[in-house]
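So that you can map any letter, position 131 of the sequence shown is 131 in my numbering, and since no number is skipped, the others follow by simple counting.
See below for the structure under consideration.
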Amino acid sequence: MRRKLSHEVLDRLIHMIQSGELAPDDHLPSERDLMQRYGVGRPAIREAMQALQRMGLIRITHGERARVTLPTADAIVDQVSGAMVQMLGRMPGGLDELKDARLLFEVGLAQVAARRGTPATVAELHAALAACRQASGDHARFVAADMAFHRQIAAMSGNTLIRALSQGMLDWMTRFRRDLVTARGAERLTLEEHARIADAIAAGDPAAAGAAMSDHLTRANQLYSVLMAEPSAPASRPRRRKASVHG
């Protein structure tokens, strides 16, 4: 089966970028130049350019020639986030699979943070924990501080890809939890569990850090399952205040 012309053009443009012929921030040749160079029509060129943009290799701005961009782990994860949330929302057991993946991932992250933590990064983790305590009682601030705490643990790995994947998972979980109601004491439990995680990481104890993270996320996942199973409250009942259960 013959390949589409746009695929041939795409391969050649990727080679130009990977070989250094086109460097980050360089303009790509114009559509007319590319049409003449490769002997193809405008549709093939535009399809190839759109594919390059989806891959994060170029930036297309109206009225200007496309520019080569340097792809980052954050940008790549961000590009797939919308599709990931849609896939997880439609597939049977999608949320359970995401929770399982996050549990395995973050337990490992806590262990790595305990091994690689430095006085500076441990201090940043304690600052993130303090921010969680200060935000207690304010749903929006608490959720943001909660996520920042987990992002700091990922950052302690010193691995850019790990940090980006952690942010992606946190974003995906958050999109699933927009309509949750609180269970009494959820914030207090979260703070206690965060403190145990931070103490184990600060002590340089990977086993204890992993166990504390496992307990934390397992409890949050169980609470989430209970809340999802509860019948909707009658309209006449006052709504309960929202709080974080995402760990």
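Here a beta-carbon is modelled for each residue, glycine too, at the ideal position from N, C-alpha and C.
Between R65 and H27, the C-beta gap is smaller than 8 Å, which places the two residues in contact.
In this structure, S157 and V112 form a Cβ contact; the two beta carbons are roughly 5 Å apart against a cut-off of 8 Å. In this structure D146 is buried. Its beta-carbon is surrounded by 16 or more other beta-carbon atoms within 10 angstroms. V107: member of the alpha helix (DSSP H) spanning 94–116, first to last residue.
Judged by pairs of C-beta atoms under 8 Å, the stretch 34–44 touches the stretch 2–22, as three or more such pairs exist. Looking at the backbone, the Cα of S136 and that of L191 are separated by about 9 Å.
Rounded to whole angstroms, T160 and A73 show a C-alpha spacing of 7 Å.
In this structure, DSSP gives V85 a helical state, which the three-state scheme calls helix. Annotation note: the stretch 149–201 contains the following uninterrupted alpha helix (DSSP H) runs of length 4 or greater, listed N- to C-terminal: 160–176. Residue environment for Q86: exposed (fewer than 16 other C-beta atoms within 10 angstroms of its C-beta). In the same chain as M16, and ignoring 5 residues on each side of it, the C-beta atoms closer than 7 Å to its own belong to L22, in chain order. The three-state reading of DSSP puts H27 in strand, counting E and B together. Here the alpha carbons of T69 and S214 stand approximately 39 Å from one another.
Shown here for G56: same chain residues with a beta carbon closer than 7 Å to its own, the five before and five after excluded, namely T69, P71, A75, I76, Q79 in chain order.
Distance from the CA of G89 to the CA of Q50, rounded to the nearest whole angstrom, comes to 26 Å. For the 8 Å CB-CB criterion, Q152 and A128 form a contact.
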